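Engineer:
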Amino acid sequence: NLRTILYYWTIKGYIQKGASSFGKKTDIVPSVKISSLQKNFDCRIDICKFLVNELYKEATELREGTSEEISVQFSLLGLFNAYQERPQMNMFNTKVTSDDIEDSLLYLSKIGAVSLEGGFLVIYSAMELKRLITDNRIQYKVDDYRMLSEFYKQKIQQIHIVGEYANLMVRDYEAALKFVRNYFQMDFKQFIAKYFKGERGKEINRNITPDKYNRLFNSLSEIQSKIINDDESKYIVTAAGPGSGKTRVLVHKLAALVLLEDVKHEQLLMLTFSRAAATEFKKKLLDLIGNAANFIEIKTFHSFCFDLLGKVGSLEHSENVVRDASLMIASGEVEIGRIAKSVVVIDEAQDMDENEFFLIQTLMKRNEDMRVIAVGDDDQNIYEFRGSNSKYLKSFVTDKGARMYEMTENYRSRPNIVTLANAFATTITNRLKADPIKAVQTENGVVQLIHHASPNLEEPVVNHILSTDKSAQACVLTCTNDEALRVVGLLTKHGVRARLIQANDGFRLYNLSEIRFFIKEIDRKLKSPVISDDIWNDAIDRLKAIYANSNCLDICFNLISDFETTNPVKYRTDLEEFIKESDYDDFFRTEEKVVFVSTIHKSKGREFDVVYMMLSNMTLDTNEKRRQVYVGLTRAKNELYIHYNNNLFGIFGSFRMPGVEWINDDCEYPEPEELVLQLSYKDVVLNFFKDKKELILSLRSGAELCFDGEFMSTQTDNKTKRVVKVSKAFLDRIKELQKKGYHPYKATVRFTVAWQGKEDDTETAIVLPDLYLKRTE
């Protein structure tokens with residue numbers, strides 16, 4: 004009614020009322036212009052219409068046809084934000100404020116449209132921040148935290164005290180009451196000394212519960228604990244012997260940095276030399292600390308540098324990426340936020356080359372207080388041929404004064420295996436470790452050194468395997484790929500399940516036809532950067548159905564499983580990077596009743612119950628070769644058999660010791676009756692494949708082919724169709740073998756992969772086959 008409107012106008016100061024001398028009349032004097040009053044009215048009515056609609060939306064119950072009032076809870080700020088975000092244009096050219104929203108609510112209240120009851124006030128205290136230091140490179144220091152450090156320390160202690168009280172309430176109610184009385188009556192230091200004695204005095208200052216701390220760190224050895232608890236050394240070098248728990252220490256150190264030392268996720272970086280190692284660390288860290296592991300940056304050197312360059316990483320184009328990224332950091336071309344690190348952890352640090360060490364140095368220069376934790380074993384540096392050198396690891400000790408720890412307890416191998424490895428290690432010069440490795444196990448295994456008079460070792464090694472228990476995880480270690488292939492051929496001939504841990508043969512895992520099919524199935528339905536579970540699972544099902552008979556399927560599923568585990572949110576770009584950074588052999592899994600065959604280089608980082616080393620005509624004239632043998636020796640857990648046939652006897656001869664059996668074999672053995680040749684890109688005519696894409700993609704790994712002297716063919720639709728043409732150089736190689744009595748009798752598809760010539764616009768599907776030869780009289 005009119006009185007209500009006049010009352011509202013008076014409250015708002017739009018008019019002034021005064022009593023008239025004529026009794027019941029009231030004098031009204033406008034305080035604002037009529038045009039302004041009209042404008043305010045129109046704006047208020049617009050706001051009121053919005054508020055009524057918005058409040059009705061918020062109603063949890065609305066009974067039509069009744070006059071029952073409905074209670075709606077709202078916030079003034081929420082209504083204001085909703086009004087600002089509505090799509091309608093403001094027709095009144097007036098800037099609406101939260102005060103206008105409040106006035107409109109008051110108006111609705113005064114005219115009886117709504118009833119305002121209750122409510123509370125939330126005060127947003129404004130803070131004025133003034134930046135005093137403009138250098139982005141400067142990180143927080145201890146002094147910056149000092150003012151609040153004591154406050155947070157007390158908060159941590161109080162949480163532990165409340166936890167102790169809760170435990171007492173469960174166990175002993177009277178003791179809990181006494182605990183509370185003492186807390187308020189005793190001096191705080193005396194209270195802590197009474198209820199948190201000895202080791203518990205340290206517990207009360209940790210920012211994790213005692214149970215979690217024990218679960219994370221109580222199972223560590225003394226030296227492992229020292230490394231974990233070292234939060235003061237700027238540079239730490241850990242010389243980790245074989246089987247000493249290097250991976251375990253690194254994983255627990257990462258957990259300690261995040262949980263105990265309060266290192267921020269974004270300022271922690273771990274660098275590895277392979278995607279397989281990065282994946283293994285991520286999986287173990289997830290098991291240890293859960294989802295927090297997903298926020299810790301664990302990358303290969305190449306992946307980290309590709310990120311800095313803004314490129315998708317791949318092994319194929321990684322030759323100069325570390326050097327290029329390091330130069331960009333050194334010249335200040337990389338945004339400081341991307342390289343601001345407080346801790347860098349390096350795995351297998353003995354394998355660093357000049358460029359990788361330069362990267363670490365540039366990060367150290369850009370982050371003056373950055374800590375470096377380098378873990379490795381110079382005795383296991385077997386990649387000197389690609390530029391790696393242990394001197395870079397040692398320089399942290401000699402040049403930077405790093406605190407050095409030696410992890411010399413071997414949890415993997417039996418004592419006599421460790422004893423032999425220690426003796427052999429003394430032949431390596433310029434070693435970083437001063438102390439010998441100590442076996443944790445007490446019961447000896449089996450160690451045999453078998454010297455052969457014959458130049459051919461494949462047959463005696465295979466005969467040895469046939470005479471032993473094949474239920475354990477076993478591996479034959481050779482020096483060359485050709486030797487490994489000959490052993491696989493012999494084992495297969497005798498009905499032994501054998502698997503070759505092999506390299507990519509020059510192709511990238513991303514180009515494997517099974518992997519390409521899986522990615523295309525995802526892309527066919529993908530509408531966003533994130534791969535949904537439905538799309539992911541459908542692609543897996545399609546891969547299973549289409550490539551059911553492929554020998555590569557297990558490797559593909561292992562890859563998929565590893566990516567799922569380490570990437571809870573599956574980004575399409577992350578999947579591509581993961582595959583492009585991986586090698587085929589990264590996804591082999593050890594199996595029982597399967598004999599693995601591998602070169603020593605490919606076995607690094609693995610372990611087996613039983614190891615057969617085949618050292619055919621090998622010389623030990625360099626430290627690199629001796630380190631190679633040392634790596635092979637230390638792969639064995641329970642049984643180690645070393646077959647050799649030359650002057651190695653002179654080196655091993657001085658290692659006469661208990662628990663090591665010496666055997667001489669004077670028998671002569673022929674060359675293997677069967678050979679397997681794995682054809683690579685250079686062994687096939689690549690242009691021959693260009694018009695056969697559909698036919699080649701119908702083949703599966705393991706499918707048999709016919710070899711007719713120059714071509715390999717497949718049977719399809721009752722027709723023989725050629726799918727491979729071998730190169731002239733490969734034909735010459737076959738002719739040489741034929742002179743020795745070897746003749747081809749079978750061929751199979753090993754891989755079907757994508758290949759693109761330098762001048763080609765499109766990719767071509769090609770076959771990389773295996774050719775089997777048998778010696779005939």
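Each residue of the sequence shown is one higher than the last, beginning at 4 in the working numbering.
Just so you know, even glycine gets a beta-carbon here, dropped at the ideal spot from N, CA and C.
Since the structure is predicted, the reported quantities are computational estimates derived from the model, not experimental observations.
1. Going by the CB atoms, is the gap between CYS555 and LEU546 shorter than 8 angstroms?
2. On the DSSP letters alone, give me the boundaries of the beta strand (DSSP E) that GLN451 sits inside.
3. Comparing C-alpha positions only, which one of LYS287, ARG753, ILE737 sits nearest to LEU1?
4. Select from LEU618, LYS693, VAL597 the residue whose C-alpha is nearest the C-alpha of PHE611.
5. Compare the Cα-Cα distances from SER228 to each of PRO439, ILE332, LYS249 and report the closest residue.
6. Alpha carbons only, please: which of GLU580, ARG629, ASN620 is nearest the one belonging to HIS604?
7. Shortest alpha-carbon distance to SER277 belongs to which of THR100, GLU371, ILE582, ASP541?
8. Classify ARG545 as helix, strand or coil using the three-state DSSP reduction.
9. Can you tell me which residues form a DSSP beta bridge with THR755?
10. Let me confirm a value: SER39 is counted as buried when at least 16 other C-beta atoms fall within 10 Å, else exposed. Which label applies?
11. Roughly how many angstroms separate the alpha carbons of GLY244 and ALA424, rounded to a whole number?
12. Looking at the unbroken alpha helix (DSSP H) that takes in ASP310, where does it start and where does it end?
13. Roughly how many angstroms separate the alpha carbons of ILE195 and LEU262, rounded to a whole number?
14. With distances taken from CA atoms, which of VAL240, ASN210, LYS728 is nearest ASP402?
15. Note down the Cα distance separating LEU108 from THR212, rounded to an integer number of angstroms.
16. Does the separation of the CB atoms of ALA437 and GLU409 fall below 8 angstroms?
17. For GLU272, which residues in the same chain have their Cβ closer than 6 angstroms to its Cβ, ignoring the five residues on either side in sequence?
18. State the Cα-Cα distance for the pair ASN690 and GLU642, rounded to the nearest angstrom.
19. By how many angstroms is the C-alpha of THR275 removed from the C-alpha of ILE332?
20. Per DSSP, SER716 is paired with what?
21. I'd like the ranges of any beta strand (DSSP E) spanning at least 3 consecutive residues and lying wholly in the stretch 452-521.
22. According to DSSP, simplified to helix, strand and coil, what is GLY760?
23. Would you call ALA178 buried or exposed, if buried means 16 or more other Cβ atoms sit within 10 Å of its Cβ?
24. From what residue to what residue does the alpha helix (DSSP H) around LYS1 run?
25. Is the beta carbon of LEU708 less than 8 angstroms from the beta carbon of VAL727?
26. Using 8 angstroms for Cβ pairs, my map puts PHE83 next to SER101. What's the rounded Cβ distance?
27. Specify, as a first and last residue, the run of the beta strand (DSSP E) that ALA343 falls within.
28. Give the list of continuous alpha helix (DSSP H) stretches no shorter than 4 residues that lie fully inside the stretch 630-701.
29. Give the straight-line distance between the Cα atoms of SER398 and LEU682, rounded to the nearest whole angstrom.
30. Applying the criterion that 16 or more other CB atoms from any shown protein chain within 10 Å of the CB defines a buried residue, is ARG417 buried or exposed?
31. Take PRO673 as the anchor and find which of GLU462, MET172, GLY335 has the nearest alpha-carbon.
32. Between PHE304 and the rest of its own chain, which residues show a CB-CB distance below 8 angstroms, the 5 nearest in sequence each way excluded?
33. Let's see if you can read the secondary structure: which residues bound the beta strand (DSSP E) around VAL375?
34. When DSSP labels each residue in this structure, what does MET410 get in the three-state scheme?
35. Would you call the stretch 448-455 and the stretch 560-580 in contact, with 3 or more CB pairs under 8 angstroms?
36. Do TYR587 and GLN505 count as a contact pair if the criterion is CB distance below 8 angstroms?
Structural biologist: The short version:
1. no
2. 449-455
3. Outside the shown range of the chain (4 to 780) lies residue 1, about which nothing can therefore be said.
4. VAL597
5. LYS249
6. ARG629
7. ILE582
8. helix
9. VAL770
10. exposed
11. 11 angstroms
12. 304-312
13. 23 angstroms
14. VAL240
15. 50 angstroms
16. yes
17. Note that residue 272 corresponds to Leu in the displayed sequence, not to Glu. Hits under 6 angstroms: GLU300, LYS344, VAL347.
18. 49 angstroms
19. 19 angstroms
20. CYS709, ARG725
21. 477-481, 501-503
22. coil
23. exposed
24. The structure shown does not extend to residue 1, since the chain is modelled only from 4 through 780, so no value can be given for it.
25. yes
26. 5 angstroms
27. No beta strand (DSSP E) holds ALA343; DSSP gives it neither H nor E.
28. 651-655, 696-700
29. 43 angstroms
30. buried
31. GLU462
32. LEU274, THR275, PHE276, VAL325, GLU359, LEU362
33. 374-379
34. strand
35. no
36. yes
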